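J.: Start counting at 1 in the sequence shown, then tack on 440, and there's your number in the working numbering. After the structure tokens below, expect a handful of questions from me.
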Amino acid sequence: MTQLLNQALYQNSIDLILEQLNLDSAFFKTLPRFQRMNYKATVRFLSDYKTHSDEQSSQKVNNSLYALHHLCTIPEWVLTDSTIITIFELPIAINPSTTNLLLPLSEYLSFKGSYQTLLGVTQEIIDSLKTSSKVLNDILLLKAITLSSLNQNPTQVFQILEEISATSHPQSLQHIKANCHLAMYQVSLGNYQDGIRNLQKWLVIIDENLKHQNLAQSDFQLDDIKTGMLEILAYYEMNASHFDQALEIYEQVISLRKERGLIHRIITPQVHQGIILRRKGQYDQGIKILQNAQEKAQQINDIQAQVFIAHHLGYIYLNQRNLTEAKKLATIAFEGYKKLDDFRGISDCYEQLGLINLAENDGETAIQNFKIALEIRQTIFNLHGTASCLLDLALAYWYQKQILKSFFFLIKGFQSYAQVGILNGVRFRRMLKIAYTWILGRPN
């Protein structure tokens, strides 16, 4: 749904919705009292949306959400399905004091990390829609994307995406989007073998559609999905230790998004460039890139990005044995992810805190944190994260001189890495170097 929005266009859309709500007075009087109240409330909230300036983002969000809520309480929809989408796409300014970028309501909620709010309103709409609704799959897709962002209930995410794929026309935009998001989600959870195969397949299909303009009216959405798929492909290349390829793809993603004015979506790939530089041991360059990304995140008030960056800056300082700064940033990230209710981020922080504990010679606390991280990652089916935690535990038990336990987790860790398909020579050497560093306390 991301695109540069035209405020006047959406003001006109609201006028159209209000015109549709202008029911014949005789018919209006025949409606039950609660329906009349909900119609009036919808009109009031949409009218209020028009009166607020871009600087009043929170009021605009509330007006839009209340309007959707009151529409959902009416048993029979008077408005067309397209009206639901129109309200979901009403523009909200992300940070008027520093940028004029407007996002559709649904993406604004994601940008702010308000996933529970977005999940609640999508479910309310789904419960109200008839199964014959043309936009039901669009709302279901939004629900699946929201659940995946929360890193909760992966089984339901797969179920929804597979259902949309099965029930939509093979040439439709809904079908393409569902399968693309399915592939991206597989890769994000570490199911690289299936995910990368599907990712490459659907990248070809998207390119074919863009080339022949089979879905010309949806080219922007296809372009948007393509950058997301390239970003997740770069993520895989990074985790497979193909650092140069990953850096190149991330640069391509940044360039494409800059061309489209999507400034709020260039931060994450930039952060991953910083992560790659850290893994290559280029700490000063990594810090520079991450601090630059942090400035951009602060300019547009992107809280999620700021938490993400704090987490990875913490890793660089940990690698440099600056434990005070590492622990400070790790704590900031941990509290941030808890506020965002992000299970994956929380598990990442437990792992990071465990490594800091090891650096502080507190092996017992490190093991506790690694076990918590492992449990969360197994619950959310994060295969790559699970493998990482198993090796963390092998390292921690070795550090505690519990050699048999260490070898047990070492074997399980290598098996897990082999299972996800990224146990290559480069990664194996990096693992040995990390173990050497932690066990002997020598960074080189």
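The C-beta atom is built at its ideal place from N, Cα and C for all residues, glycine as well. It should be emphasised that the depicted structure is a prediction, and the values quoted were computed from it without experimental measurement.
Could you spell out the range, first to last residue, of the alpha helix (DSSP H) harbouring L650?
T.: On the sequence shown, residue 650 is found 210 positions in, with the first residue counted as 1. 632-652 is the extent of the alpha helix (DSSP H) around L650.
J.: Within a Cβ cutoff of 8 Å, which residues of the same chain sit near K627, ignoring the five residues on either side of it in sequence?
T.: Taking the sequence shown and counting its residues from 1, one reaches residue 627 at position 187. Residue identity differs from the one stated: residue 627 is Val in this sequence, not Lys. Contacts found: G635, I636, L639, I672, L673, Y675, Y676.
J.: Using only the alpha-carbon positions, how far apart do L814 and T470 sit?
T.: Position 374 of the sequence shown, counted from the start, is the residue given in the question as residue 814. Position 30 of the sequence shown, counted from the start, is the residue given in the question as residue 470. Roughly 60 Å between the two C-alpha positions.
J.: Are I534 and L511 close, meaning C-beta to C-beta below 9 Å?
T.: By one-based count along the sequence shown, residue 534 stands at place 94. By one-based count along the sequence shown, residue 511 stands at place 71. No, they are not a contact pair.
J.: State the beta-bridge partners of L542 as determined by DSSP.
T.: Here residue 542 refers to the residue found at position 102 when the sequence shown is read from its first residue. Note: L542 sits in a beta bridge opposite A533.
J.: Between the Cα of F683 and those of Q710, I743, R719, L530, spot the shortest distance and give me the residue it belongs to.
T.: In the sequence shown, residue 683 corresponds to position 243, counting from 1. F683 has its Cα closest to that of R719, out of Q710, I743, R719, L530.
J.: Would you mind stating whether L662 and L696 have Cβ atoms separated by less than 9 Å?
T.: Taking the sequence shown and counting its residues from 1, the one referred to as residue 662 is at position 222. Taking the sequence shown and counting its residues from 1, the one referred to as residue 696 is at position 256. No, the pair does not count as a contact, with Cβ atoms beyond the cut-off.
J.: Have a look at R817 and L823 and give me their C-alpha separation to the nearest angstrom.
T.: In the sequence shown, counting from the first residue as 1, residue 817 sits at position 377. In the sequence shown, counting from the first residue as 1, residue 823 sits at position 383. Near 7 Å, if we compare the C-alpha coordinates of L823 and R817.
J.: Who are the Cβ neighbours of I532 in its own chain at under 7 Å, not counting the five residues just before and after it?
T.: Taking the first residue of the sequence shown as position 1, residue 532 is located at position 92. So the qualifying residues of the chain are S497, K500, V501, L542, L543, L545, Y548.
J.: Please tell me whether G785 and F821 are closer than 9 Å, where the distance is taken between their beta carbons.
T.: The sequence position of residue 785 within the sequence shown is 345, counting from 1. The sequence position of residue 821 within the sequence shown is 381, counting from 1. Contact: no.
J.: Cutting at 6 Å between CB atoms, please list the residues of its own chain near N577, excluding the five before and the five after it.
T.: Position 137 of the sequence shown holds residue 577. If we look at N577 and ignore the five residues flanking it on each side, its Cβ neighbours are I604, S608, Q614.
J.: May I ask you to report which of helix, strand or coil DSSP gives R473?
T.: Numbered from 1 along the sequence shown, position 33 holds the residue referred to as residue 473. If DSSP states are grouped into helix, strand and coil, R473 belongs with the helices.
J.: Can you give me the Cβ contacts of R705 inside the same chain, cut-off strictly under 6 Å, excluding the 5 residues immediately before and after it?
T.: Within the sequence shown, the letter at position 265 stands for residue 705. If we look at R705 and ignore the five residues flanking it on each side, its Cβ neighbours are R697.
J.: Please classify S573: does DSSP put it in a helix, a strand, or coil?
T.: On the sequence shown, residue 573 is found 133 positions in, with the first residue counted as 1. Coil, per DSSP.
J.: Mapping DSSP to helix, strand and coil, what is P709?
T.: Within the sequence shown, residue 709 is the residue found at index 269, counting from 1. P709: helix per DSSP, three-state reduction.
J.: Could you have a look at P610 and say whether DSSP puts it in helix, strand or coil?
T.: As a working mapping, residue 610 is identified with position 170 in the sequence shown. In this structure, P610 counts as coil in the three-state DSSP scheme.
J.: Secondary structure at E699, three-state DSSP: helix, strand or coil?
T.: Residue mapping note: residue 699 aligns to position 259 of the sequence shown, counting from 1. Three-state result, E699: helix.
J.: Report the option in I585, L622, S681 whose CA atom is closest to the CA atom of F551.
T.: Residue 551 sits at position 111 when you count from the first residue of the sequence shown. Measuring from the Cα of F551, the nearest candidate turns out to be I585.
J.: Considering only the alpha carbon of each residue, which of G825, Y757, K779 lies closest to I796?
T.: As a first step, residue 796 must be located in the sequence shown, where it is residue number 356. Nearest C-alpha to I796: Y757.
J.: List the whole-angstrom C-beta distance separating Q792 from G754, where the pair is believed to meet the contact cut-off of C-beta under 8 Å.
T.: Position 352 of the sequence shown, counting from 1, holds the residue named residue 792. Position 314 of the sequence shown, counting from 1, holds the residue named residue 754. Right, the Cβ-Cβ distance comes to about 6 Å (below 8 Å), so this counts as a contact.
J.: In this structure, does DSSP put D788 in helix, strand or coil?
T.: Walking along the sequence shown from the start, residue 788 turns up at place 348. Note: D788 maps to helix in three-state DSSP.
J.: Note down, one range per segment and in chain order, each alpha helix (DSSP H) of at least 4 residues found wholly within the segment 720-808.
T.: Qualifying alpha helix (DSSP H) stretches, in chain order: 723-739, 743-759, 763-780, 783-799.
J.: Go ahead and pull the three-state DSSP assignment for K552.
T.: For the purposes of this step, residue 552 is taken as the residue at position 112 of the sequence shown. K552: coil per DSSP, three-state reduction.
J.: Alpha carbon to alpha carbon, how far is I812 from S787? Give it in angstroms, no decimals.
T.: Position 347 of the sequence shown, counted from the first residue, corresponds to residue 787. Position 372 of the sequence shown, counted from the first residue, corresponds to residue 812. If I take the Cα positions, the gap works out to 7 Å.
J.: How big is the Cα-Cα spacing for L582 and I524?
T.: As a working mapping, residue 582 is identified with position 142 in the sequence shown. As a working mapping, residue 524 is identified with position 84 in the sequence shown. Cα to Cα, L582 sits roughly 13 Å from I524.
J.: Can we count C620 as close to the ligand GDP, meaning its CB is less than 8 Å from some heavy atom?
T.: With respect to the ligand GDP, the structure shown offers nothing to examine, as it has no ligands at all.
J.: Rounded to whole angstroms, what's the CA-CA distance from D659 to Q653? Just pull it up for me.
T.: Mapped onto the sequence shown, residue 659 falls at position 219. Mapped onto the sequence shown, residue 653 falls at position 213. In a straight line, the C-alpha of D659 is about 7 Å away from that of Q653.
J.: Closer than 8 Å is the cut-off here; do at least three beta carbon pairs connect the segment 824-834 with the segment 851-860?
T.: Contact between the segment 824-834 and the segment 851-860 is present, because at least three Cβ pairs lie under 8 Å.
J.: Check whether the Cβ atoms of T557 and L505 lie closer than 9 Å to each other.
T.: Position 117 of the sequence shown holds residue 557. Position 65 of the sequence shown holds residue 505. Yes, Cβ-Cβ distance for T557 and L505 is below 9 Å.
J.: I566 to R473, Cα distance in whole Å?
T.: Taking the first residue of the sequence shown as position 1, residue 566 is located at position 126. Taking the first residue of the sequence shown as position 1, residue 473 is located at position 33. The straight-line gap from Cα to Cα measures roughly 24 Å.
J.: Does F854 come out as helix, strand or coil in the three-state DSSP assignment?
T.: Counting from 1 along the sequence shown, the entry for residue 854 is found at position 414. Correct three-state label for F854: helix.
J.: Going by other Cβ atoms of all chains shown within 10 Å of its Cβ, with 16 needed for buried, is D455 buried or exposed?
T.: One-based indexing of the sequence shown puts residue 455 at position 15. Exposed is the call here.
J.: Is N478 helix, strand or coil by DSSP?
T.: In the sequence shown, residue 478 corresponds to position 38, counting from 1. In this structure, N478 counts as helix in the three-state DSSP scheme.
J.: Please report how far the alpha carbon of K779 lies from the alpha carbon of S554, in whole angstroms.
T.: For this step, residue 779 is matched to residue 339 along the sequence shown. For this step, residue 554 is matched to residue 114 along the sequence shown. Cα to Cα, the separation comes out at about 10 Å.
J.: What's the call for N446, buried or exposed, on a 16-neighbour Cβ count within 10 Å?
T.: Your numbering for residue 446 matches position 6 in the sequence shown. Reliability fails at N446, whose pLDDT of 47 lies under 50, so the model's placement of it is uncertain and the value that follows must be treated cautiously. That one is exposed.
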